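K.L.:
Residue numbers (our numbering), protein chains in the order written: chain V, 2 to 639; chain D, 234 to 607.
Once you've had a glance at the structure underneath, I'll fire off some questions.
Structure, rendered in structure tokens:
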């Protein structure tokens, strides 16, 4: 090392020292910037990022409430929740949704409807929420998917509870069914209450009492990792199940009523006249409600739609039938109540009735008439002339007012959705509907339940029950009680108060006597129906014509098939006549005569009712039981 | 018996003292490095979900690195200087080989030579400043334009080889470590300004040659909120981890962001975020202070070195080391785009740790031989 180099080395060193210091200062400044950034994030933005860290890892999972169960009055389970499996999709995990769906449909058949619904609900869910794709997988679908699951990230088979109706078609028109929530319902329902719920009551009791059946959803706060895989439950608020419903329906009576129809198209409604309990409500033919729960297949649906007997039509409360002669006891009572006639007043039946000053004739069923008849005989023998003249005497206004009181022409208010009110024809109604004037002849035929009259079987049963209970009208209802979980049902479910429609109890016995005659008088139109039944049955037949008689073919062509095609056969009855506990209305769409076709169905229902009623709950037998009810009935005739 | 044990332990003690004292390594720097390694292993233990295997593996690499550090520290700087061109050429050669044979996720960065897998680009982080220092040390300083041009070529070869891997972040760091030598060699400020202006002007050209994923990273950095589940995810989750840590952190092994895998790469590039989440601002500032001390110590050693080569190498190494910390810290706090730069001696990874320790070996050697004549 020479002396010349030393200063140079010293200069170099000093020079480097300055540069090293400058470099270090710059780096220190940058390190301080990073430190400042930590201060900013960890002190000033701490609250914000804490929230976001929590949002990252905590997911809210909805717990849909189990739907309430539905029982009959004896505690038989009519609507149940059973475990099933469905395909769920987590949209976040699916790269190409359409391609995935296409490949998936080769393994698990997906209908266009499934895909349309799925895409609809995709829009309503966030991308990390599972969206159901297909419900109620069959075992083979589940197996096939399990083998191929690795090909479908984000698609899983998950268990869920699905609605099941153990009695299939027996209550399809009463309980109805649940189905997938559709777009219209989605706008109506409270999204919080239905979070995680996929099904909603569509018809019947399921729809009517949706609020009770649905329950309150719960939720879980679940810790998830970045792959959204749940790791543990942080907090859990369980769902509150919907209320269980106990119906007034008696399943055995319902079954017996359906069997009694033996496949004939028609409807029957059975009501307890003491309180309005609907004991049975039958429509034949019916359909399997289970088909609709998870989306009905096209083939099944077409079959139901194309069936000429229209199994989807709820005949019991939406089928309108001309009531025919079944209106006669009500009209007869009206004559007494309105003070137009006394029970003993008689009318001469000659076979044809003429409005004074008119040549148009209105027929009796007996070609040459029944002679002079009073109210009891007129009901027993269903003498048209008596009621033609009574209707004319009342006038259409009073007739409508009176029959309207019994519920004709308006819905009964039963606790089922979409009940129809039938038609109680009036001059006003005719003007509004057809823009035509009312003719006196139309008043005349109203007296025998013909013309524009349309009555639902439910209306008929309700009116009959009111008549049976001495004019006290109870709104018919199906819900008897509700219960929470396993707690005992709270009985009874509150019902609207009963309304007394009539003012003179003494007007009833003659009407009842006439109706007893229908069953027990040799001339009665349902004579013999009460044979072997321990209690007195008060009944009335009705045979309504679907078309007006335009030729004499009706008189000459009286074979059964011809008449069955033309007629609606009704039979209404209640029993025991002195202490009514059951009121029945039966209608057959293709019955020749009420007495021969519809009455035996009512009898079978009565037999079942008797079998179901334990002896302790039965009313006392008629005092003259030893000699048979028929004798007792006839002896009581004034 | 006791005498034998005493004599054995006495001998071991003496041997240890000799290793530490002859030649004398810088104790403050050594202590700082040990503390840093301890912090690194602690955070890694949590970040790996208490996986002992990972931590033991990393500790083993630290031991290998420490052995190499001690070995290198005994080699006089003159010898290191003489080997520098060969070291540089070996690095370039390995970069070429990795380009042909390499493996890695979407980028050929790794070289597998049976016993170990390593990244040649990491070696270049050390070889680069050494080579530039070797080139400049006999020449007049501050560097003339022709020397700058020559350095440019020395830089360009390995940098381009790393760019095509493609690993833009590492390439920039390698280039920076070379440029730091120029800076420390006294490059005039106006020349620095001219070169910076030239670089800025060529930025659009660079953009043109960037890979899509690199452009995306830059765009993501500029607008991280646009795409919270896409490429902005990393930055956002990292900021959430750091921000939610607060002043004192959530505690060891309590960080939800890393435990539940919201934080990506939480044992490697984003391990600083794990530290920020679990040990809070206090932990982050302690670590940054430790890094600042290490850098400062390197610069002090450089300033006291005996020759130009030693000064330039130690100084450039110190500055480059600080840049790793700044780039990684800036990345995990959302100040800088996501570039794959590990946090020195804390991130999980062998090549980086061992290369850095070898680099500190060089610094130690410079310190140890500062008073000896060449």
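Positions of the beta carbon are idealized from the N, C-alpha and C atoms, including for glycine.
Quantities reported herein were computed from a predicted structural model and do not represent experimental measurements.
Let me check understanding here. Comparing Cα to Cα, which of 588(V), 577(V), 115(V) lies closest to residue 607(V)?
P.N.:
On the first chain, position 606 is the one that residue 607(V) refers to. Nearest C-alpha to residue 607(V): 577(V).
K.L.:
Among the candidates 264(D), 280(D), 294(D), whose CA atom is the shortest distance from the CA of residue 583(D)?
P.N.:
Taking the first residue of the second chain as position 1, residue 583(D) is located at position 350. Considering only alpha carbons, the answer is 294(D).
K.L.:
When the cut-off is 8 Å and only beta carbons count, does residue 542(D) lie next to chain V?
P.N.:
Position 309 of the second chain, counted from the start, is the residue given in the question as residue 542(D). With 8 Å as the cut-off, residue 542(D) does not count as an interface residue toward chain V.
K.L.:
In the structure shown, what three-state DSSP assignment does residue 367(V) receive?
P.N.:
Translated into positions along the first chain, residue 367(V) becomes position 366. Residue 367(V) falls in the coil class under three-state DSSP.
K.L.:
When you compare each of 213(V), 210(V), 156(V), 236(V) to residue 222(V) by their alpha carbons, which one comes out closest?
P.N.:
For this step, residue 222(V) is matched to residue 221 along the first chain. Out of 213(V), 210(V), 156(V), 236(V), 236(V) has the C-alpha closest to the C-alpha of residue 222(V).
K.L.:
Mark residue 448(V) as exposed unless 16 or more other C-beta atoms lie within 10 angstroms of its C-beta, in which case mark it buried.
P.N.:
Sequence index remark: in the first chain, residue 448(V) carries index 447 (1-based). Residue 448(V) should be labelled buried.
K.L.:
So, for residue 486(V): in the same chain, excluding its five sequence neighbours on each side, which residues have a beta-carbon less than 8 Å away from its beta-carbon?
P.N.:
In the first chain, residue 486(V) corresponds to position 485, counting from 1. Result list for residue 486(V): 242, 245, in chain order.
K.L.:
Taking a cut of 7 Å between CB atoms, which residues from the segment 488-521 of chain D lie near chain V?
P.N.:
Here the close residues are 489, 490, 493, 494, 495, 509, 513, 514, 517, 518, 521.
K.L.:
Would you call the CB atoms of residue 317(D) and residue 361(D) closer than 8 Å?
P.N.:
Here residue 317(D) refers to the residue found at position 84 when the second chain is read from its first residue. Here residue 361(D) refers to the residue found at position 128 when the second chain is read from its first residue. Taking 8 Å as the Cβ cut-off, residue 317(D) and residue 361(D) do not qualify as a contacting pair.
K.L.:
Check the DSSP bridge columns for residue 543(V) and list the partner residues they point to.
P.N.:
Residue mapping note: residue 543(V) aligns to position 542 of the first chain, counting from 1. Paired residue(s): 571(V).
K.L.:
Determine the chain B residues that contact residue 525(D) at a beta-carbon separation under 7 Å, and present them in chain order.
P.N.:
The structure shown contains no chain B; the protein chains it does contain are V and D.
K.L.:
On the DSSP letters alone, give me the boundaries of the beta strand (DSSP E) that residue 413(V) sits inside.
P.N.:
In the first chain, counting from the first residue as 1, residue 413(V) sits at position 412. Here residue 413(V) belongs to no beta strand (DSSP E), and DSSP marks it neither H nor E.
K.L.:
Report the rounded CA-to-CA distance for residue 591(V) versus residue 546(V), giving the unit in angstroms.
P.N.:
As a first step, residue 591(V) must be located in the first chain, where it is residue number 590. As a first step, residue 546(V) must be located in the first chain, where it is residue number 545. Straight-line Cα distance between these residues: approximately 11 Å.
K.L.:
In the DSSP assignment, find the beta strand (DSSP E) that holds residue 164(V) and state where it starts and stops.
P.N.:
By 1-based counting over the first chain, the position of residue 164(V) is 163. 156-165 is the span of the beta strand (DSSP E), which, as asked, contains residue 164(V).
K.L.:
Applying a beta-carbon distance threshold of less than 7 Å, which residues of chain D neighbour residue 42(V)?
P.N.:
In the first chain, counting from the first residue as 1, residue 42(V) sits at position 41. Simply 472, 475, 476, 566.
K.L.:
Whole-angstrom Cβ separation of residue 177(V) and residue 197(V), contact assumed at under 8 Å?
P.N.:
By 1-based counting over the first chain, the position of residue 177(V) is 176. By 1-based counting over the first chain, the position of residue 197(V) is 196. No, residue 177(V) and residue 197(V) are not in contact; Cβ-Cβ is about 23 Å, not under 8 Å.
K.L.:
Rounded to the nearest angstrom, what separates residue 61(V) and residue 228(V) at their Cα positions?
P.N.:
Your numbering for residue 61(V) matches position 60 in the first chain. Your numbering for residue 228(V) matches position 227 in the first chain. Cα-Cα distance, rounded: 15 Å.
K.L.:
Given this structure, state the Cα-to-Cα distance separating residue 598(D) from residue 16(V), to the nearest angstrom.
P.N.:
In the second chain, the residue the question calls residue 598(D) occupies position 365. In the first chain, the residue the question calls residue 16(V) occupies position 15. Whole-angstrom Cα-Cα distance: 22 Å.
K.L.:
For chain D, find out if any of its Cβ atoms is closer than 8 Å to the Cβ of residue 76(V); answer yes or no.
P.N.:
Locating residue 76(V) in the first chain gives position 75, counting from the first residue. By this cut-off, residue 76(V) is not an interface position.
K.L.:
Over the uninterrupted beta strand (DSSP E) stretch that includes residue 78(V), give me the two end residues.
P.N.:
As a working note, residue 78(V) is residue 77 in the first chain. Taken as a continuous stretch (DSSP letters only), the beta strand (DSSP E) holding residue 78(V) covers 78-90.
K.L.:
Examine chain V for any beta-carbon lying closer than 8 Å to the beta-carbon of residue 555(D), and answer yes or no.
P.N.:
Against the second chain, residue 555(D) aligns to sequence position 322. So yes, residue 555(D) belongs to the interface.
K.L.:
Helix or strand or just coil, what does DSSP make of residue 461(D)?
P.N.:
Residue mapping note: residue 461(D) aligns to position 228 of the second chain, counting from 1. Note that residue 461(D) scores 48 on pLDDT, short of 50, meaning its location in the model is unreliable and no value can be drawn from it.
K.L.:
Check for me: the alpha helix (DSSP H) holding residue 145(V) runs from which residue to which?
P.N.:
Residue 145(V) sits at position 144 when you count from the first residue of the first chain. Where residue 145(V) is concerned, the enclosing alpha helix (DSSP H) stretches over 140-149.
K.L.:
Per DSSP, what are the beta-bridge partners of residue 268(V) in this structure?
P.N.:
By 1-based counting over the first chain, the position of residue 268(V) is 267. Answer is 284(V), 588(V), bridged to residue 268(V).
K.L.:
For a test of the three-state rule: what should DSSP assign to residue 607(D), helix, strand or coil?
P.N.:
Here residue 607(D) is taken as the residue at index 374 of the second chain, counted from 1. The pLDDT assigned to residue 607(D) is 47, lower than 50, so where the model puts this residue is not dependable; a value taken from the coordinates is nonetheless given after this. Note: residue 607(D) maps to coil in three-state DSSP.
K.L.:
Closer than 8 Å by beta-carbon distance: list the chain V residues that pair up with residue 268(D), in chain order.
P.N.:
Here residue 268(D) refers to the residue found at position 35 when the second chain is read from its first residue. Under the 8 Å cutoff, chain V gives no residues; its nearest Cβ is about 17 Å from residue 268(D).
K.L.:
DSSP state of residue 276(V), grouped into three classes?
P.N.:
As a working note, residue 276(V) is residue 275 in the first chain. Coil at residue 276(V), not helix or strand.
K.L.:
Any contact between the segment 267-279 of chain V and the segment 478-492 of chain V? By contact I mean 3 or more CB pairs, one from each, below 8 Å.
P.N.:
Counting Cβ pairs under 8 Å, three or more are found: they touch.
K.L.:
Please list the partners that residue 227(V) has in chain D, where partner means a Cβ-to-Cβ separation under 7 Å.
P.N.:
By 1-based counting over the first chain, the position of residue 227(V) is 226. Under the 7 Å cutoff, chain D gives 493, 494, 495.
K.L.:
Just to make sure I have the definition right: I need the residues of chain V whose C-beta is within less than 9 Å of the C-beta of residue 559(D). Which are they?
P.N.:
Mapped onto the second chain, residue 559(D) falls at position 326. Those within 9 Å of residue 559(D) in chain V are 28, 31, 32, 34, 35.
K.L.:
What residues in its chain sit with their C-beta under 6 Å from that of residue 466(D), if we drop five residues either side in the sequence?
P.N.:
What you label residue 466(D) is simply residue 233 of the second chain in a count that begins at 1. There are no such residues.
K.L.:
What would DSSP say about residue 447(D), mapped onto helix, strand or coil?
P.N.:
Position 214 of the second chain, counting from 1, holds the residue named residue 447(D). Three-state result, residue 447(D): helix.
K.L.:
What does DSSP give as the partner residues of residue 651(V) in its beta bridges?
P.N.:
Residue 651(V) lies beyond the range of chain V shown here (2 to 639); nothing can be said about it.
K.L.:
Here's the rule I'm using: 16 or more other beta-carbon atoms within 10 Å means buried, otherwise exposed. How should residue 501(V) be labelled?
P.N.:
Locating residue 501(V) in the first chain gives position 500, counting from the first residue. The residue in question, residue 501(V), is exposed, as its Cβ has fewer than 16 Cβ neighbours within 10 Å.
K.L.:
Which residues in the same chain as residue 344(V) place their Cβ atom closer than 6 Å to its Cβ, once the five residues preceding and following it in sequence are excluded?
P.N.:
If you number the first chain from 1, residue 344(V) lands on position 343. The answer, listed in chain order, is 376, 511.
K.L.:
Any C-beta of chain D sitting closer than 8 Å to the C-beta of residue 126(V)?
P.N.:
Along the first chain, one-based indexing puts residue 126(V) at 125. By this cut-off, residue 126(V) is not an interface position.
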